[in-house]
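Read through the structure below, which is laid out as structure tokens, and then see the notes.
In the numbering used here, the protein residues as written are 13 to 252.
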């Protein structure tokens, strides 16, 4: 409790802490429930309203809107700010758990494309966790005018490296790179995935880099990560 008070609440990160806890618990409960519905557990079923399947992302969006509006309107102190942080985390988790549905505009929850929801939730956990421990790329507090130009150049450079990393189809490294510039540099320098926009532009067919990328990120690489995704979220109906 002393750690929470000294390192989290005193630093003003209480809402982030409860947001992260709520995201994690909501995601775990949601996946347990959806997997039970999928297997036909008695007493559990999808909610239909007028013949329309109401997805849980609807409740997530509404929760985000309510929590955000209350925070902006009242900016309450603790413990109410922590409560709103938790509610916001619930909404984020419910919404991102169906990220693939609003990405593809189709019900792909139990298809191979649905694995992208697991990636989105993981990235959200990662960003929230890094912010919670106080990781920020640049500290502008007390910066003199002489340093502002250097900081601006550094920010632009970091954003450029982050964009390159994302173009190489490495969303996790790109996300971390927003907050940790060294990771952005590593991601930008490393080999791109063969399906990425960067590979399409920079790795011509038949080139040595294209061959290296295809060996490095081949079917075995994808299958390994898919096994991890399926362990967390459940395997899709059709193997991908």
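Ideal Cβ positions, reconstructed from N, Cα and C, are used throughout, including at glycine. Computed from a prediction, not measured in an experiment: that's the story for all the values here.
With distances taken from CA atoms, which of 37, 208, 56 and 123 is nearest residue 45? 56
With DSSP as the reference, please indicate the residues paired to residue 64 in a beta bridge. 61
Supposed contact pair residue 242 and residue 123 - C-beta distance, whole angstroms, cut 8 Å: About 12 Å separates the two Cβ atoms, so there is no contact after all.
Tell me which residues share the same chain as residue 174 and place their Cβ nearer than 7 Å to its Cβ, disregarding the 5 neighbours each side in the sequence. 186, 189, 190 and 196
Return helix, strand or coil for residue 87, following the three-state DSSP convention. coil
Given residue 146, which residues of its chain have a CB within under 8 Å of its CB, disregarding the five upstream and five downstream residues? 23 and 25
So, are the CB atoms of residue 245 and residue 130 less than 7 Å apart? yes
DSSP three-state label for residue 252, please. In this predicted model, residue 252 has a pLDDT of only 45, less than 50, meaning its place in the structure is not dependable enough to derive any value.
Hey, how far is the Cα of residue 80 from the Cα of residue 142? 21 Å
Can you name, in chain order, every residue of its own chain whose Cβ lies under 6 Å from the Cβ of residue 112, other than the five neighbours on each side? 120, 125, 126, 128 and 129
Any chance the region 24-41 sits against the region 99-117, with 3 or more Cβ pairs inside 8 Å? yes
Got a sec, what are the start and stop residues for the alpha helix (DSSP H) residue 243 sits in? 231-245
Let's see if you can read the secondary structure: which residues bound the alpha helix (DSSP H) around residue 122? Element bounds for residue 122: n/a, residue is neither H nor E.
Compute the beta-carbon to beta-carbon distance between residue 180 and residue 205, rounded to the nearest angstrom, for a pair I have assumed lies under 8 Å. 6 Å
Looking at the structure shown, is residue 110 part of a helix, part of a strand, or coil, going by DSSP? coil
In its own chain, which residues sit with a C-beta less than 8 Å from the C-beta of residue 59, not counting the 5 before and 5 after it? 65 and 66
Take residue 110 and list the residues in its own chain whose beta-carbon comes closer than 7 Å to its own, dropping the five residues that flank it on each side. 67, 68, 69, 121 and 129
What does a CB cutoff of less than 8 Å around residue 10 pick up in its chain, not counting 5 residues either side in sequence? Residue 10 is absent from the structure shown; the chain starts at 13 and stops at 252.
Inter-residue CB distance, residue 31 and residue 107 (contact presumed, cutoff 8 Å): Not confirmed; about 13 Å, so no contact.
Run through DSSP, which three-state label would residue 272 get? Lying outside 13 to 252, the shown extent of the chain, residue 272 is not represented and no answer is given.
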